[in-house]
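S.K.: So that we are looking at the same thing, I have put the structure below in structure tokens.
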Ligand code: AQP
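Here it is as structure tokens:
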């Protein structure tokens, strides 16, 4: 029996180079050795207010990106979270096995509520519990995520361990897969903050759909520093971020990237990073456009994925309800 991978991505906008390098680029590589479920987590998306039409479009768009990036729907289960009600059902149950003190410690809740002072809803607060349900429903062994999700995954492990301690081995306790390089891609304008798709400043972000011209322009405008040395350093967040991006898209080490630009000027360096990213994204963009031209095919893939995911999820849910003592 192959081990199980689950990971999710929110349809809150066009995915960024950050989510590609931190998470999605690894999904395809892992998909031959594991049984994989990749979910468009639309229920997580509504913790921030969404326009219904845009949410629906973003969801289908994201599904197309997953396939364009190499996830074969015949080999991977691709689906929308809201099409599998077991996510919400298990989430409620796990809420009763999660402490408020634990949720109070979640840094993402603190960050997101500081950015959304007019809508600090309960869903934003209990988001990590829904994420735990997403993962535990499938007896998941490995969760490939970016660094920002590590704390949520730790909580998921704690909830699973606590539940198992009371009721026996109901859930597999998952491990995180966080890549050694690229786990936290920073914004181009603000390199001390993570690159985020719902950021207001489009220049901070490379969206997977950006044209080659726009990508190179954004890299040329990237914030750096004034000491003209291209090397990894905590004191040089802008340059370190660009080196990380270059190493990831070229498939080389950080030391190799540093060596390639040793003695070069910032202008040449930024241009080269921009061109390398544009070149990497071009074939995915073509494939994405091809897939988006056939919405009925995408809907059929999602429906089939939801059916398979439901079948797996209901087995775990039945086990959970039974041990709890539901009639
Ligand atoms: N900047 C990043 N660097 C590395 N990994 C990242 N991920 C996201 N941004 C980066 C990883 O991508 C996966 C999917 O993330 P998500 O879209 O579901 O949620 P998120 O982490 O909240 O991403 P955003 O772009 O910041 O979304 P918004 O702006 O809507 O909140 C995850 O594995 C994540 O770690």
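In this note's numbering, the protein residues as written are 817 to 1143. Don't be surprised by glycine CBs; every beta carbon is placed ideally from N, CA and C. Just so it is clear, the structure is predicted and the values come from calculations on it, not from any experiment.
(1) Rank 864, 970, 893 and 1115 by C-alpha distance to the C-alpha of residue 848 and give the top, closest one.
(2) Of the choices 850, 895, 1092 and 997, whose alpha-carbon is the least far from that of residue 963?
(3) I need the straight-line Cα distance from residue 950 to residue 823, nearest angstrom please.
(4) If distances are taken between C-alpha atoms only, which option among 920, 829 and 946 comes closest to residue 875?
(5) Report yes if the CB atom of residue 1089 is closer than 8 Å to the CB atom of residue 1062, and no otherwise.
(6) Please confirm whether any heavy atom of ligand 1 lies closer than 7 Å to the CB of residue 825.
(7) Assign residue 912 to buried or exposed, taking buried as 16 or more other Cβ atoms, counted over all protein chains shown, within 10 Å of its Cβ.
(8) Whose C-beta lies closer than 7 Å to the C-beta of residue 1065 among residues of the same chain, with five residues either side of it excluded?
(9) Is residue 965 buried or exposed, if buried means 16 or more other CB atoms sit within 10 Å of its CB?
(10) Comparing the CB of residue 1011 with every heavy atom of ligand 1, is any distance shorter than 7 Å?
(11) Just checking residue 1026 against ligand 1 - is the residue's beta carbon closer than 7 Å to any of the ligand's heavy atoms?
(12) Look at the alpha carbon of residue 1106 and the alpha carbon of residue 978, and state the distance between them as a whole number of angstroms.
(13) Under 8 Å, do residue 961 and residue 907 count as touching if we go by C-beta distance?
(14) May I ask you to check if the CB of residue 992 is nearer than 7 Å to at least one heavy atom of ligand 2?
(15) When you compare only the Cα positions, how much space is there between residue 1054 and residue 1122?
(16) Are the stretch 973-990 and the stretch 853-861 touching by the rule of at least three beta carbon pairs closer than 8 Å?
(17) Classify residue 1056 as helix, strand or coil using the three-state DSSP reduction.
(18) If I measure Cβ to Cβ from residue 1024 and keep anything under 8 Å in the same chain, skipping five residues before and after, which residues do I get?
(19) Do residue 962 and ligand 1 come close, with the Cβ less than 7 Å from some heavy atom?
(20) In whole angstroms, what is the alpha-carbon distance linking residue 984 and residue 1142?
(21) Taking the straight line between their C-alpha atoms, what separation do you get for residue 1114 and residue 859?
(22) Once DSSP output is grouped into helix, strand and coil, what is the label at residue 996?
(23) Give the secondary structure of residue 991 by DSSP, where H, G and I count as helix, E and B as strand, and everything else as coil.
(24) Shorter than 7 Å, the distance from the beta carbon of residue 857 to the closest heavy atom of ligand 1, or not?
(25) If you reduce the DSSP assignment to three classes, tell me which class residue 986 lands in.
(26) Under the assumption that residue 902 contacts residue 1130 (Cβ atoms under 8 Å), give the Cβ distance between them as a whole number of angstroms.
(27) Rank 868, 904 and 879 by C-alpha distance to the C-alpha of residue 895 and give the top, closest one.
(28) Helix, strand or coil: which one does DSSP assign to residue 864?
(29) So, are the CB atoms of residue 1144 and residue 1017 less than 8 Å apart?
(30) In terms of residues, what are the limits of the alpha helix (DSSP H) holding residue 944?
M.R.: Looking at the atomic coordinates:
(1) 893
(2) 997
(3) 8 Å
(4) 829
(5) yes
(6) yes
(7) exposed
(8) 1092, 1093 and 1096
(9) buried
(10) yes
(11) no
(12) 46 Å
(13) no
(14) Ligands displayed in this structure: ligand 1; ligand 2 is not among them.
(15) 41 Å
(16) no
(17) helix
(18) 830, 831, 832, 833, 836, 881, 1097, 1100, 1101 and 1104
(19) yes
(20) 16 Å
(21) 19 Å
(22) coil
(23) strand
(24) yes
(25) coil
(26) 6 Å
(27) 879
(28) coil
(29) Past the boundaries of the shown model lies residue 1144; the chain is included only from 817 to 1143, so the question cannot be answered.
(30) 938-952
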